[in-house]
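First comes the structure, then the notes that go with it.
Next comes the structure, spelled out in structure tokens:
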């Protein structure tokens, strides 16, 4: 029988063939732990298990380093085990490693751990009104320019777009993307539902037997709304108008199923049908420009060819676009999500953001700062009662589950804003700077006029200098070539011309020096003006930021008071005024930007740090879980490798485990029972109607307004407009019940 030497794994055990009996002297008795000789092994302590008292940054650094060490160590063990298993399989079919099933399970669990770490997805959703700058803000967080399409020509992001850390280190795979499409069955069901609605509406319009006109009107409105809701998708992908579908339904007549017609329609766009059958496509690129051009058509509402001979928009059949890049902020497990604008003109796209937002770990609402405090859609997002309640339930109502990004802070008319500000509040320093700016600007203007005049004078002086030199040269030449009747007079004339030429030259030099000094002074004035203007821009931006933040916080506090909440549960909202334009200018060119002396002033670094803080709990829980599982793997391998120790005895029975853990279980059960009893007593003492009288008074004051809003299309949105009178009447006759189609 072959004998195997395993040098890389200390004291690895092996089993003999099943036919061979071990000799008696080879069998060594195991040391048994009893009451007299029990040995309690000292618990292993690692820095990651004893760092709870450290601050967040240091604690996370220790655990991240520990995870890296664990990954490297277990990878080496895995390599040795796989090599040994291959040797056994290639050498002798009778040779079996001791505990081989356990080793195979170890390898499987180790692979699963790697997948678990890479699959960590902490969703950071960015939502807000269309055109608020969501995509630009995400680019700045990633520090990757124009990864997400911008909305210079309307709504940019039409689908859910995600970006995560790229774990693929293969050459040419620096940027990856995966486009996932809707289920083909869901699209087929949508089409069939629309066709049935069209048939139902046509039948209702043709029928004269309408018992209740009001209810009939509401039924038609409801069906018509459903058709319009889906028609935007159908037109975008298949280019069909409502008239086309109505004509197709009329040609079909009364049928049991519209599925054959649905299949015909789907095949009119072969490329879209192919994508739906595929379910997913992937891109792998080494250059940012290439991956951007690959995924952009799938993320926007603009029409493209997609390799076919027709132009169409594909967003209705795209479930999401998931990109993978190497950006530092993503390495800890964060996934940034760009959601379609909540006020998108296409209802189905706007609905995507609303449905997806409840899956997020952290919500960021982006709104341009100039209208953040009053813009309707921003306020709806910021004050969503359902999302607020959901955050409370999920333990996210702690200042780390929700943040507000006040974008485009650089969009400000500084002079007008400062003038208005000084009219409202006296600020001696700002007034002094403002006056200095005006004075310096006037001085620079006078200096520029002087420079222009001096430049003109120099130009004239140079002409005069040229003439004087030419006259001198001509006179000197004539003196040499011709005999003179009066040489002395000629000599004096030449000296006079020479002196005039020198004088003109000196005048030009003098004026040139004056011009140089004037320009240097103008440059100094320009720098002084820039410095003061920069200070005023920074101060104005900071004042506007402070005012808007205070206004939003005030509205939030008022909302809490309206909901009858005490100040105990309130917190300061996390708000970050941001200028992505200034961020990129400072990051790329390192140039001066008025109002933003450093990258920190742009607000982007503060938002990056806050996201790390907001996700710290989930990231730390993940690290603890991973480290615990890696420790279990290494403990298992240590026990397996320790041939001579008592821990190597694998013959542990169920009864042994019960006997060892029985007292522990009993102690925990007693403690748990006491804890449950104490908490139950606290619950029994709660009075759910403690503030009943206050609520009654508040309701009486609000009852009239609430009842009046029932006639609105959206009772919680006073800007939504009133519903049709027939629809309102039908609802009242049903006592407020939802309408159910009878067709």
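Residue numbers (my numbering): 3 to 745.
We treat Cβ as the ideally placed atom computed from N, Cα and C, and that holds for glycine.
8 angstroms Cβ cutoff met for residue i and residue j
i: residue 524; j: residue 453; result: yes
i: residue 580; j: residue 597; result: no
i: residue 289; j: residue 168; result: no
i: residue 127; j: residue 442; result: no
i: residue 239; j: residue 342; result: no
i: residue 248; j: residue 200; result: yes
i: residue 362; j: residue 165; result: no
i: residue 424; j: residue 433; result: yes
i: residue 83; j: residue 104; result: no
i: residue 409; j: residue 465; result: no
i: residue 1; j: residue 196; result: Given that the chain is displayed from residue 3 to residue 745, the structure contains no residue 1 and the question cannot be resolved.
i: residue 535; j: residue 456; result: no
i: residue 364; j: residue 538; result: no
i: residue 303; j: residue 160; result: yes
i: residue 473; j: residue 491; result: no
i: residue 144; j: residue 359; result: no
Secondary structure of residue i, DSSP reduced to three states
i: residue 123; result: coil
i: residue 337; result: strand
i: residue 370; result: strand
i: residue 316; result: coil
i: residue 664; result: helix
i: residue 737; result: coil
i: residue 726; result: coil
i: residue 712; result: coil
i: residue 304; result: coil
i: residue 701; result: helix
i: residue 387; result: For residue 387, the predicted model reports a pLDDT of 40, less than 50, meaning its position is unreliable; a value from the coordinates is still stated below. Of the three classes helix, strand and coil, the one that applies to residue 387 here is helix, per DSSP.
i: residue 48; result: coil
i: residue 177; result: strand
i: residue 407; result: strand
i: residue 145; result: coil
i: residue 54; result: coil
i: residue 169; result: coil
i: residue 532; result: helix
i: residue 1; result: What is shown of the chain runs 3 to 745, which leaves residue 1 out entirely.
i: residue 505; result: helix
i: residue 428; result: coil
i: residue 193; result: helix
i: residue 414; result: coil
i: residue 299; result: helix
i: residue 644; result: coil
i: residue 114; result: helix
i: residue 203; result: helix
i: residue 68; result: helix
Beta-bridge partners of residue i, as assigned by DSSP
i: residue 789; result: It is not possible to answer for residue 789, since the shown part of the chain is limited to 3 through 745.
i: residue 670; result: For residue 670, which the question treats as bridged, DSSP gives no partner whatsoever.
i: residue 365; result: 127 and 404
i: residue 327; result: 167
Practice task
May I ask you to verify whether the stretch 218-225 touches the stretch 285-299, counting CB pairs closer than 8 angstroms and requiring at least 3?
Solution key: In this structure the stretch 218-225 does not lie against the stretch 285-299, because fewer than three pairs of beta carbons, one per stretch, are closer than 8 angstroms.
Exercise for the section: Would you list, in sequence order, the uninterrupted beta strand (DSSP E) runs of no fewer than 3 residues that lie entirely inside the stretch 559-629? Expected result: Every beta strand (DSSP E) stretch that sits fully inside the stretch 559-629 and reaches 3 residues is listed by chain position as 576-579.
Handout entry: Ranges of the beta strand (DSSP E) found wholly within the stretch 236-288, counting only runs of at least 3
Key = Taking only runs of at least 3 residues, the beta strand (DSSP E) segments lying wholly in the stretch 236-288 are 282-287.
Exercise for the section: Decide if the stretch 617-626 is in contact with the stretch 583-595; the criterion is three or more beta carbon pairs, one per stretch, under 8 angstroms apart. Expected result: With the cut-off at 8 angstroms, the stretch 617-626 and the stretch 583-595 do not touch.
Exercise for the section: Would you check if the stretch 45-55 and the stretch 602-619 touch, i.e. whether three or more CB-CB distances between them fall below 8 angstroms? Expected result: The stretch 602-619 vs the stretch 45-55: no contact.
Handout entry: Completely contained beta strand (DSSP E) runs for the stretch 434-493, where each covers 3 or more residues
Key = None, since the stretch 434-493 contains no complete beta strand (DSSP E) of that length.
Exercise for the section: May I ask you to verify whether the stretch 259-275 touches the stretch 116-135, counting CB pairs closer than 8 angstroms and requiring at least 3? Expected result: Three or more beta-carbon pairs separated by less than 8 angstroms are not found between the stretch 259-275 and the stretch 116-135, which leaves the two stretches without contact.
Problem - At least three beta-carbon pairs within less than 8 angstroms, the stretch 518-533 to the stretch 497-510 - result: No contact exists between the stretch 518-533 and the stretch 497-510.
Practice task
Decide if the stretch 580-590 is in contact with the stretch 406-420; the criterion is three or more beta carbon pairs, one per stretch, under 8 angstroms apart.
Solution key: Short answer: they touch.
Exercise for the section: Inspect the CB distances between the stretch 268-279 and the stretch 307-317 and report whether three or more fall short of 8 angstroms. Expected result: Verdict: yes, contact present.
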